[in-house]
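Structure first, commentary second.
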Amino acid sequence: MTLILSTATPIINNKLLITNPLFFPAKSLNPINKLSKFSTSLHVSTPLTPPSFTTTPKEEENEETSSSSTKFSWRDNWYPVSLIEDLDTKLPTPFQLLNREIVLWKDRVSGDWVAFDDKCPHRLAPLSEGRIDEDGNLQCSYHGWSFSKGGSCVKIPQANSDGPEARAVNSPRACVTKFPTLVSQGLLFVWPDENGWEKASATKPPMLPEDFDSPEFSTVTIQRDLFYGYDTLMENVSDPSHIDFAHHKVTGRRDRAKPLPFKLESSGALGFAGSNDGNPRITAEFIAPCYYINKIEIDTKLPIFGEQKWAIWICSFNIPMAPGKTRSIVCSARNFFQFTMPGPAWWQVFPRWQEHWTSNKVYDGDMIVLQGQEKTFLSKSLETSADVNEQYSKITFTPTQADRFVLAFRNWLRRHGNNQPEWFGVANQQQLLPSTTFTKRQMLDRFEQHTLKCSSCKGAYGAFQTLQKVLLGATVIFAATAGIPSDLKLRLVLSGLALASAALAYAVHELEKNFVYVDYICTESFVCTGNGSIVLKIGLVKDERYAMEDEGGSDVLDNSFKQMTIGKPPRDPLGMRHCVSSNRLVDGSESDSEIEFRGLKSPSDGKHFLPIFRSGSWSEIGPKSYMEDEHICVDNLHKHLGAFADFPSPGAFYGVFDGHNGSDAALFTQKHILKFIVEDSHFSTNVKKAIKSGFIKADHAFADACSLDNSSGTTVLTALIFGRNMVVANAGDCRAVLGKRGRAVELSKDHKPNCTSEKLRIERLGGIIYDGYLNGQLSVARALGDWHIKGSKASICPLSAEPELKETYLTEEDEFLILACDGLWDVMSSQCAVTIVRKELMLHNDPQRCSKELVREALKRNSCDNLTAVVICFSPDPPPKIEIPKTRWRRSVSADGINYLKGFLDNA
1 MTLILSTATP
11 IINNKLLITN
21 PLFFPAKSLN
31 PINKLSKFST
41 SLHVSTPLTP
51 PSFTTTPKEE
61 ENEETSSSST
71 KFSWRDNWYP
81 VSLIEDLDTK
91 LPTPFQLLNR
101 EIVLWKDRVS
111 GDWVAFDDKC
121 PHRLAPLSEG
131 RIDEDGNLQC
141 SYHGWSFSKG
151 GSCVKIPQAN
161 SDGPEARAVN
171 SPRACVTKFP
181 TLVSQGLLFV
191 WPDENGWEKA
201 SATKPPMLPE
211 DFDSPEFSTV
221 TIQRDLFYGY
231 DTLMENVSDP
241 SHIDFAHHKV
251 TGRRDRAKPL
261 PFKLESSGAL
271 GFAGSNDGNP
281 RITAEFIAPC
291 YYINKIEIDT
301 KLPIFGEQKW
311 AIWICSFNIP
321 MAPGKTRSIV
331 CSARNFFQFT
341 MPGPAWWQVF
351 PRWQEHWTSN
361 KVYDGDMIVL
371 QGQEKTFLSK
381 SLETSADVNE
391 QYSKITFTPT
401 QADRFVLAFR
411 NWLRRHGNNQ
421 PEWFGVANQQ
431 QLLPSTTFTK
441 RQMLDRFEQH
451 TLKCSSCKGA
461 YGAFQTLQKV
471 LLGATVIFAA
481 TAGIPSDLKL
491 RLVLSGLALA
501 SAALAYAVHE
511 LEKNFVYVDY
521 ICTESFVCTG
531 NGSIVLKIGL
541 VKDERYAMED
551 EGGSDVLDNS
561 FKQMTIGKPP
571 RDPLGMRHCV
581 SSNRLVDGSE
591 SDSEIEFRGL
601 KSPSDGKHFL
611 PIFRSGSWSE
621 IGPKSYMEDE
631 HICVDNLHKH
641 LGAFADFPSP
651 GAFYGVFDGH
661 NGSDAALFTQ
671 KHILKFIVED
681 SHFSTNVKKA
691 IKSGFIKADH
701 AFADACSLDN
711 SSGTTVLTAL
721 IFGRNMVVAN
731 AGDCRAVLGK
741 RGRAVELSKD
751 HKPNCTSEKL
761 RIERLGGIIY
771 DGYLNGQLSV
781 ARALGDWHIK
791 GSKASICPLS
801 AEPELKETYL
811 TEEDEFLILA
821 CDGLWDVMSS
831 QCAVTIVRKE
841 LMLHNDPQRC
851 SKELVREALK
861 RNSCDNLTAV
871 VICFSPDPPP
881 KIEIPKTRWR
891 RSVSADGINY
901 LKGFLDNA
């Protein structure tokens, strides 16, 4: 089994990835590599003897599995709280352990690490905000009380030198609570029970394998605080099968996913162990409560070195800090390719902080997915008033052996761990999960979670900032002096140096982001830029080329296009002259591939095609007395949103908003709809959910906007595009039409009340349809706003703001997209609009001129509504001319005719 957290493991589905050194984020573990033996110091009365790595599975099973109800004591254990090399020896460090606030600090005289309860006995101020004073004691920053390493108070500045106040310093009430501590193998351990000194002295701490002390192995360390629960993290590290998908092209690849036949060899109150067969051999062991060990052994043969036995250790400590907050400490070691790892040798050139960039990318790959999973688990628990572990097998489906260790951990937590850690002072930990409230930016905040707690990254970040300031200063100096010399060559040199230093300053600024925040989006593919940020495609469903979702989420294929026609109020037949009938779009003469879009073409088809977006729009008030339509065109999302988020390139967003009962709803939605979609928590993992959620949030926000007329309403049609993936969302009777080599392909369905599916939905929710109008008031079945019809947010109304989505994978045959309000489609068919646009593009190649021509043509046909049209082209070139193959005329000549012809020619 492989562990994905922080150390990017090189084993993917029993295959070894060795070509990229970044697969092994590493740092020489100084306290290990510089000592011939592990240094183990226990600050209690009895020293410890370092134990061996593995417990005997059979003995554990015999002792602990005799009773499945044997309970595990969470508070009677050693917990590693930090890597020693990442602790600040000059300042106190706060930490949470089992929801208990503690403070860690180092005594200058003895060199011992001390753990106190993080509150001063005086007025309960946090001691972690204090300092280590001149005498080496921990001093409270509030009133200056000082405490020795034993926990006794040694100074009260406000006390008189004689009398009762002088004796207060010796009072037991003036002492601070102290916890047992232990330093072992570069880790600081704390025993969380202040009354457990005797047990602590008799209990062995978890130990790293002996190979960590071997000169044949190079070692790796990293730690990061994660804002999801202990059980969520433990489940994640117990699961090797997610690597190929959650960390695609980071430490895994989707095409390498395969069955993982793991076997559970032992289990009990102290943990479990298991392994697989074959090469590589992966063994895993969970030592309760937080220690997870993986060993990967690979038998290989190299051309020069012959047969080799490679070994990789990945040891993960997952410390429960508080409900919804866990610290991950990972120590890894391997005995091959040490030159790609940082270390003390002259040939080990990679710094630790650079390797942490890759490790943090692995953490980020799980972060948002696990946040969403934890939210769902919490929701299920609240619905049933039962713990997740009690109903885990009911709410999840785990049929494969790849989930064997996940189930083993959940079973251990249910049978022996009381379903959750034994928190201090928490009645209901389910209500306190940060993952339910944190934004994506907070979840992926590397600076707070790692950089400030890592000595290497914190130092490198400061060095990068200093270097950036130096380069900016050099830029100013070179630029200022470039005009002084009279020699042209010297001026050119100074100007070049100014440009070079400015470019370097920008590059350093971009690299700094790896210490602070780098967005991570689960994708089909991604590209790591020079600064480590990810340029990629948003994760969209690719299994079907066109997948329209109805109200219940099912695909509508065969009947959707018919409903587009028969579900609408009749169009003016005179207004549709010179147009191809829209019925032709669903006529049986068209091929299945053209109309029903049953499958997606192979990715190799048009694989070099990447759309380039350019758009044009045009609006006319028409015969109405005021304008209620709005629209938005964003050809470059990255440029439009600036530093708000990193988006794939190319990316674009378009929309039309057909208002009624005033323009307030249309204008409000036009201004805010993109923001609601992008800021939704599902945006990074499920764009379709984010779009639906964005529509609903915009609708509710409009209801809350007191300064606006919330009786105003609007239909909404949007198109969100990333690369070749396009999602069209429609709520109302605007329409999106794709021009595909001259053919019209409708990508949205008009939501009219007498449309079959809408009629059933309306009647199911208690609405009525009168003369084609919803409740006799509105000619559309879906719209944002119209709160005079919807009533309150809590009420159920047949007028829905939820959009219907259609997903499209663009190819070279897709030339342009038309988005237009119903004023256009009332007098024009989809095919007619495509024909007009294509003709104009071939003549002038100007999408704005095409939009204007569509609107003007609709006015000629006596449209009685506001008119808005947006044309989006996917290529900088005009559409090619469609060549109609010439018909080959075939004739047959009889034998008598041939003879007659021969005779005629001979006599001629």
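Position one of the sequence shown corresponds to residue 1 (full-length UniProt numbering), numbered consecutively onward. Glycine residues also receive a C-beta, built at the ideal position from the N, C-alpha and C atoms. Just so we're clear, the structure is a prediction, and the values are computed from it rather than from any experiment.
Annotation for E620: the continuous beta strand (DSSP E) segment containing it runs 614-620. Shown here, S684 sits in coil according to DSSP, grouped into three states, outside any helix or strand.
Nearest neighbour of M234 by Cα position, chosen from D255, L674, A284, I156, turns out to be A284. CA-to-CA, the gap between Q391 and F262 works out to about 23 Å.
When beta bridges are read from the DSSP output, I872 appears opposite S615, L817. The residues M828, I836, in chain order, have a CB closer than 8 Å to that of E857 in the same chain once the five nearest residues on each side in sequence are set aside. If one requires a minimum length of 4 residues, the alpha helix (DSSP H) runs lying completely within the stretch 335-418 are 352-384, 392-395, 404-415, in chain order. Listed in chain order, the non-local C-beta contacts of L667 below 7 Å within the same chain comprise E630, local neighbours out to five positions each way being set aside. The criterion of a C-beta distance shorter than 8 Å is satisfied by F657 and V716. The Cβ-Cβ distance between L784 and F683 does not fall below 8 Å. Each residue's CA atom was taken as its position, placing A200 and V183 some 13 Å apart. Straight across, the Cα-Cα distance linking Q308 with I282 is about 17 Å. Of the other Cβ atoms in all chains shown, fewer than 16 fall within 10 Å of the Cβ of R764; this residue is therefore exposed.
Scanning its chain for C-beta atoms nearer than 7 Å, with the 5 sequence neighbours on each side dropped, one finds around V250 the residues A8, K361, V362, G365, in chain order.
Annotation: the continuous alpha helix (DSSP H) that includes D231 extends over 230-237. Between the beta-carbon of C290 and that of Y79 there is about 7 Å, and that keeps the pair under the 8 Å contact cut.
D704 carries a helical assignment under DSSP once its states are collapsed to helix, strand and coil. DSSP lists K106 as the bridge partner or partners of W113. Around the Cβ of D771, a 10 Å sphere holds fewer than 16 other Cβ atoms; the residue is exposed. Scanning the stretch 831-883 for uninterrupted alpha helix (DSSP H) segments of 4 residues or longer gives 847-860, listed from N- to C-terminal end. For G662, same chain residues with a beta-carbon under 8 Å away, outside a window of 5 residues either side, are E628, D709, S711, S712 in chain order.
Annotated as proximal: I312 and R334, with beta-carbon spacing under 8 Å. A Cβ-Cβ separation of about 6 Å places F515 in contact with R446 under the 8 Å criterion. Spanning the alpha carbons of T221 and T358 requires a straight line of approximately 13 Å. Within 10 angstroms of the beta-carbon of T89 lie fewer than 16 other beta-carbons, which makes it exposed. DSSP places E210 in the helix class (H, G or I) of the three-state scheme.
L641 has its alpha-carbon roughly 28 Å from the corresponding atom of L867. Under DSSP, P94 shares a beta bridge with V103. When the Cα atoms are used, F272 and I521 turn out to be separated by approximately 34 Å.
Residues F613, R614, S615, A652 of the same chain have their beta carbon placed closer than 7 Å to that of D635, with the five preceding and five following residues left out of the count. Residue pairing by DSSP places N318 opposite S328 in a beta bridge. Judged by DSSP secondary structure, M828 falls outside any alpha helix (DSSP H); it is assigned neither H nor E. Unbroken alpha helix (DSSP H) stretches of 4 residues or longer found wholly inside the stretch 768-815: 787-790, given in chain order.
Burial check for S617: the Cβ neighbour count within 10 Å reaches 16 or more, so the residue is buried. Around the C-beta of P280, 16 or more other C-beta atoms lie within 10 Å, and the residue is accordingly described as buried.
Take L302, set aside five residues on each side of it, and the residues of its chain with a beta-carbon closer than 8 Å to its own are Q308, in chain order.
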